Structures are given as C-alpha cells and as structure tokens.
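Colleague:
Chains as they are written, first to last, in the working numbering: chain A, 4 to 226; chain B, 19 to 195.
Laid out in structure tokens, this is it:
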C-alpha cells in the first residue's frame, strides 16, 4: 500500500498549500487553507417544520427567484433577451444576481465541459438553501449533440439535483419562461427539495463528481 | 505572390506548392527548414501577422502535419507553411520567439496531440483538459465514443435516427421507399 498521507497532492492549488503567515505582533501562524478557510461540515437535511408556515414560505420562495448569472454553453445567449423588455422575466419575479451567495436558482444553460462542471459545482454548493437547478437544453438531459464527446458530460442529474428540465436545442426564451413557471408550481407544491436531496445523497454525488474531475484541488464541500 | 514563391524557392527547399486562391498559397517544407523559413518570411517578406497554427493527424502514414499560416498585411496575401513530423515521439522546434501567441497554440497542441515543443513557455501546463490522464484526445486512435460511454453515464434509451428517413416515415407513412 502506498502511504497517501506523505504523498504530495499534485493538483493542489498553490494558494491552498499549508503555509505560514506573520501575525500583527510578529508571531508565526501556520495556515492550512483547506481546513481553516472552508467549513468542513457536510450539508445537512432540513426537514420542513410546520405545514402552514412552510406553505406560506414556499409561496414567497416561488414568487421571487433570484437567478445566478452563470452561463455555460450556447444557452447563456438566451438569458440576456429573457431580461429585455420583449420577454421581461422581471414580471414573473425572476431577477439576476451576480454572486451565488445571493441567488436561489442556477441555470445550467447547455453543454457542460468537465472544466466548467467543476466551477458549476462550486457555485452550486456556495448557494444558500433552498436552491433550485434549471437544466436548459438537450445537452443537460442526455448529452445532446455532444453525447459522444470526450469532454462534455451526458447527464446533469448525476452531478447535481435538477428540478426542471427545459428540452430543446436551443430552447427559446419563451420555453425558459415556461420552465420558470413549472419550477414555481413545483416549489409551491413543496416538491423542490433539491438541496435536501443533495445533502442526503451527498456521497453518491461526490463520487460521481470525483470520477470525472480528476484534478480535485478544492474542499469536498465548498460552503 | 509569384515573386514571393520564386524568392522562397531560391533560398529554401519547398515542395507541393498549392495556389489555393489568388491570395492564399500553401507549400510543404522539411522539419528543419520550417522555422528558418517562417523567420525569413517574417523578417524579409513582410509576413508580420501570425494567423494560426494547426495540426492534422495522418495516423495511417505515421505523420503529423503542422501548418503555420502567415499573413502579409501590406500585400494582403496569406501563406501556409506545412511540415510533416513523425508521430513517434513527436517533437517540433518551438516558434514562440517569433510571435508570443505561438506559445499558446503550442500549449494546446501539446495537450490535444501530444507533440512536444521544448523550451516553449508553460507548454506542459493543462490548457482545456484539467487533470487529463488518457492519450491526447485529438489523436486518431483515441475513441471518443468509447471514452464518453465509459466515463459520462450515458442515458439509457437514447436513439439516433437518420433525419431524412425518419421524417419521411413520419410524414408519408404510406409511401414506399
């Protein structure tokens, strides 16, 4: 058996290596970024508590969807017209945010290369609960026209829990609006439990992600 | 264009001169004379703009074909310099000292075809494929379908149809083939 503890992780980013910093009073502090800068705890399942309260909260959640401005593949070009006066997603309570910490919906808009998947997972995990995933285009369902490519994934639901699929290549903004509509219905019915699903099947998702992301140089859960 | 080709023929050993269009010509030269030739073209013939650098894998013949495409912005002509290198332990002289952006092309070609360019900056770093551990994916012996099926959880039940025959059977079901 190879002793893995002494082996240097060849994919570890230089800023994540153990290093010493000088404190304000001249003292030396050893920092292990993977342990000190990130929360080590894995995600937890949050059970709904009171049915009446939960119903009200779900209504509120459904009426204000904050979308992360994250585009992958060709679908990202369909999102700007969605916010333009012609389609005007603001009417339906859909707004864009620039950071994952402030958003509740992530749109995977088209094919995902392995390199992008790593960033998408990182963004998804940084979002606060409850969070929803809208998968746009055929590529997220079965690989679409890139089904035999060496570098794009085939099924998104093996890497993150998908709430709504919008089929098409490429779906028009109207289709995306319809997708938001069914997402709202799903949230109001209390069925959009993607974050809980991710937490309860965390090991399975992580194993799938690590199978294809071979240079895993970040913590297991990027909270 | 003819004048430039004549000038090249005096100084370098070139073959297979193909006048593709009025303003674009391709020619093949040996591995050793490729870099001196493009250096000379840049410095004396005004081909100051580097357009692209591409590779073709001739798997059956055991060669990689490299193409350096240069542009002369004053005369508005393009010149493609082709050279063949052996597939086995593929290695080519680096041209990053002529144009800086060549280093990026070489880094990509190293990753996609496994051709080494000794001395080129950051040539060993991964470019698009992070943590790739198989044979370079653009090599012809790499089976992308097999790799995808092995790696990316193919969805069962996926069917492929020839669009023409499929639409014909849908729209005109009673018609014979």
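Quick reminder that beta carbons are idealized off the backbone N, C-alpha and C, glycines included. For clarity, every value in this text was computed on a predicted model and none was experimentally measured.
1) Across which residues does DSSP place residue 71 of chain A in a beta bridge pair?
2) Check this for me: beta carbons of residue 132 of chain A and residue 198 of chain A, under 9 angstroms apart or not?
3) Between which two residues does the beta strand (DSSP E) carrying residue 45 of chain B extend?
4) How is residue 190 of chain B classed by DSSP in three states: helix, strand or coil?
5) Looking only at its own chain, which residues have a Cβ that is under 7 angstroms from the Cβ of residue 38 of chain B, when we skip the five neighbours before and after it?
6) What does residue 171 of chain B reach in chain A if we use C-beta pairs closer than 7 angstroms?
7) So what's residue 14 of chain A in DSSP terms, helix, strand or just coil?
8) Quick check on residue 146 of chain A - is its C-beta less than 9 angstroms from some C-beta in chain C?
9) How is residue 67 of chain B classed by DSSP in three states: helix, strand or coil?
10) Whose CA, out of A:166, A:171, A:196 and A:33, lies closest to the CA of residue 183 of chain A?
11) Within 9 angstroms (strictly less), CB to CB, does residue 148 of chain B reach chain A?
12) Starting from residue 90 of chain A and walking both ways along the alpha helix (DSSP H), at which residues does that stretch end?
13) With a threshold of 8 angstroms, are at least 3 pairs of Cβ atoms found where one atom belongs to the segment 111-118 of chain A and the other to the segment 69-77 of chain A?
14) Am I right that residue 55 of chain B and residue 22 of chain B are in contact with their C-beta atoms under 8 angstroms? What's the rounded C-beta distance?
15) Please compile the residues from chain A whose C-beta is within a distance smaller than 8 angstroms of the C-beta of residue 128 of chain B.
16) For residue 101 of chain A versus residue 67 of chain A, is the C-beta distance shorter than 9 angstroms?
17) Measuring from the CB of residue 98 of chain B, is there a heavy atom of the ligand ZN at a distance below 8 angstroms?
18) Hey, residue 118 of chain B and residue 136 of chain B are a contact pair by Cβ (cut 8 angstroms); roughly how many whole angstroms apart?
Modeller: Taking the coordinates as given:
1) A:100 and A:109
2) yes
3) 42-47
4) coil
5) 44
6) 157, 158 and 161
7) coil
8) No chain C appears in this structure, whose protein chains are A and B.
9) strand
10) A:166
11) yes
12) Careful: residue 90 of chain A lies outside any alpha helix (DSSP H) and carries neither H nor E.
13) yes
14) Their Cβ separation, rounded to whole angstroms, is 12 angstroms, which puts residue 55 of chain B and residue 22 of chain B out of contact at 8 angstroms.
15) Those do not exist, as residue 128 of chain B stays about 16 angstroms from chain A at its closest Cβ, beyond 8 angstroms.
16) no
17) This structure does not include the ligand ZN; it has no bound ligands of any sort.
18) In fact, because the Cβ distance is near 17 angstroms, the residues do not count as touching under 8 angstroms.
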